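The next block holds one structure in the form of structure tokens; read it before the comments.
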Amino acid sequence: MEDYKFLFKVVLVGNAGVGKTCLVRRFTQGLFPPGQGATIGVDFMIKTVEVDGEKVKLQIWDTAGQERFRSITQSYYRSAHALILVYDISCQPTFDCLPDWLREIEEYANNKVLRILVGNKTDREDREIPRHIGEDFAQRHGMYFLETSAKEAENVERLFMEIAVELMERGGVMTHNFTY
Ligand SMILES: Nc1nc2c(ncn2[C@@H]2O[C@H](COP(=O)(O)OP(=O)(O)OP(=O)(O)O)[C@@H](O)[C@H]2O)c(=O)[nH]1
1 MEDYKFLFKV VLVGNAGVGK TCLVRRFTQG LFPPGQGATI GVDFMIKTVE VDGEKVKLQI
61 WDTAGQERFR SITQSYYRSA HALILVYDIS CQPTFDCLPD WLREIEEYAN NKVLRILVGN
121 KTDREDREIP RHIGEDFAQR HGMYFLETSA KEAENVERLF MEIAVELMER GGVMTHNFTY
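Residues 1 to 180 in the UniProt record's numbering are what the sequence shown spells out, letter by letter.
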């Protein structure tokens with residue numbers, strides 16, 4: 001029998017190139033991969049973390065941002081306990097697409113899903129979206145907010161650990177309301 005008490009599915013979505021795969025690799029493998037190719041369909045990684053002495057297994061689904069994979073990736077929303085919506089703080093169009101992503105989430109995800117907005121690539125000097133603009137957007141849409149850098153490992157551990165903690169706190173209710 002596998003040694004964990006909680007199992008949560010975390011799904012990353014957002015435009016192509018915002019750094020979803022790099023965030024997952026940074027968290028699960030502790031590295032920033034060079035020359036990362038675009039994700040085809042969906043990738044899957046696992047990491048077990050410890051919260052309050054309990055083992056929590058995170059199943060992390062890294063979806064392709066490209067439009068042509070949308071129908072595949074949508075099918076992963078339904079069973080997600082947490083959805084991380086990522087944009088690139090140095091690329092305005094990735095922020096402008098957020099309402100479209102939210103519509104997808106509304107349509108396909110469980111309405112109790114934990115939603116986190118992430119502005120990635122804080123190490124870049126050509127920032128286009130000020131932090132408070134991201135924060136405002138998250139607040140207006142009832143989402144948690146964090147800025148990260150997969151490259152410099154800023155807030156990446158924190159992102160996934162906070163999700164684990166929050167999901168565990170909701171744990172008792174969630175196991176009844178979510179399909180695995
Ligand atoms: N400077 C900087 N570059 C990053 C960061 N995260 C990712 N990148 C770069 O952004 C590009 C895209 O990263 P990916 O992780 O493949 O992006 P993705 O969102 O998974 O893209 P798709 O798989 O096509 O949806 C790569 O060239 C990465 O090296 C970061 O935190 N800082």
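The C-beta atom is built at its ideal place from N, Cα and C for all residues, glycine as well. Here the structure is a predicted model, which is why all the values come from computation and not from measurement.
Neighbour-count burial assignment, residue i, 16 or more Cβ in a 10 Å radius
i           : result
residue 111 : exposed
residue 31  : exposed
residue 147 : buried
residue 132 : exposed
residue 84  : buried
residue 26  : buried
residue 44  : exposed
residue 142 : exposed
residue 5   : exposed
residue 179 : At residue 179 the pLDDT is 39, less than 50, meaning the model places this residue with poor confidence; the figure from the coordinates comes in the next sentence. By the 10 Å Cβ count, residue 179 comes out exposed.
residue 16  : exposed
residue 65  : buried
residue 175 : Low confidence applies here, because residue 175 scores a pLDDT of 42, under 50, leaving its location unreliable and the question unanswered by this model.
residue 35  : exposed
residue 41  : exposed
residue 134 : buried
residue 105 : buried
Extent of the continuous alpha helix (DSSP H) to which residue i belongs
i           : result
residue 54  : Run containing residue 54: none in the alpha helix (DSSP H); it sits in the beta strand (DSSP E), 54-63.
residue 156 : 156-169
residue 82  : Segment 82-88 is the beta strand (DSSP E) holding residue 82; no alpha helix (DSSP H) there.
residue 23  : 20-29
residue 93  : 92-96
CB-CB length for residue i against residue j, believed under 8 Å
i           : j           : result
residue 114 : residue 167 : 6 Å
residue 11  : residue 63  : 6 Å
residue 98  : residue 137 : 6 Å
residue 117 : residue 145 : 5 Å
residue 13  : residue 94  : Contact flag wrong, Cβ pair sits at about 12 Å.
residue 164 : residue 51  : 5 Å
Short Cβ contact (7 Å threshold) for residue i with residue j
i           : j           : result
residue 60  : residue 18  : no
residue 90  : residue 55  : no
residue 87  : residue 109 : no
residue 9   : residue 71  : no
residue 128 : residue 92  : yes
Residues that DSSP places opposite residue i in a beta bridge
i           : result
residue 121 : Per DSSP, none; premise fails for residue 121.
residue 45  : 60
residue 129 : Answer by DSSP bridge pairing: none, since residue 129 is not bridged.
residue 103 : DSSP lists no partner for residue 103.
residue 144 : 116
residue 6   : 56
residue 50  : 55
residue 149 : 154
residue 12  : 62 and 84
Element boundaries [beta strand (DSSP E), containing residue i]
i          : result
residue 39 : No beta strand (DSSP E) holds residue 39; DSSP gives it neither H nor E.
Near ligand 2: residue i beta-carbon under 6 Å from a heavy atom
i          : result
residue 18 : What this structure holds is ligand 1, not ligand 2.
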